[in-house]
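Chemist: Positions 0 to 75 (numbering that gives the first Met the number 0) are the ones given, in order, by the sequence shown.
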Amino acid sequence: MADTNYDDDAVYVRADFDYDPQRDDELALAPGAVIQVLDGGDDAEWLMGRDLATGHEGWFPSNVRVALCTRASSTS
0 MADTNYDDDA VYVRADFDYD PQRDDELALA PGAVIQVLDG GDDAEWLMGR DLATGHEGWF
60 PSNVRVALCT RASSTS
């Protein structure tokens with residue numbers, strides 16, 4: 000089972016759309032998936048993240064309609 004504990008200092012995003020990986024180092028996204036951002040900034044085209052539901056890590060495009068979410072909104 001994946002670790003679903005939230006780190007108060009971490010940045011989390013919620014995917015709004017599917018993303019199918021094109022390479023082995025990319026992360027598949029499904030609508031509603033909560034991702035902890037591990038690397039990348041506001042202007043980055045690609046972000047490294049960990050899917051909290053699966054524990055999988057990988058790169059995903061920042062333009063896949065991700066929106067910032069807070070601990071409170073991600074637990075509802």
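C-beta: ideal position from N, C-alpha, C; glycine also. Only a predicted model underlies this, so the values are computations on that prediction, with no experimental measurement involved.
1) What is the rounded straight-line gap between the Cα of PRO60 and the Cα of ASP8?
2) Per DSSP, what kind of secondary structure is PHE16 in: helix, strand or coil?
3) Within 10 angstroms of its Cβ, does ASP38 collect 16 or more other Cβ (buried), or is it exposed?
4) What residues in its chain sit with their C-beta under 8 Å from that of TRP45, if we drop five residues either side in the sequence?
5) In angstroms with no decimal places, state the Cα-to-Cα distance between ASP80 and ALA52.
Modeler: In short:
1) The residue labelled residue 60 in the question sits at position 61 within the sequence shown. The residue labelled residue 8 in the question sits at position 9 within the sequence shown. If you draw a straight line from the Cα of PRO60 to the Cα of ASP8, it comes to about 22 Å.
2) The count along the sequence shown starts at 1 and reaches residue 16 at position 17. Here PHE16 sits in coil by DSSP.
3) Taking the first residue of the sequence shown as 1, we reach residue 38 at position 39. Counting other Cβ atoms within 10 Å of its Cβ, ASP38 stays below 16 and is therefore classed as exposed.
4) Position 46 of the sequence shown, counted from the start, is the residue given in the question as residue 45. If we look at TRP45 and ignore the five residues flanking it on each side, its Cβ neighbours are GLY39, TRP58, PHE59, PRO60 and SER61.
5) Outside the displayed span of the chain (0 to 75) sits residue 80, for which this structure offers no information.
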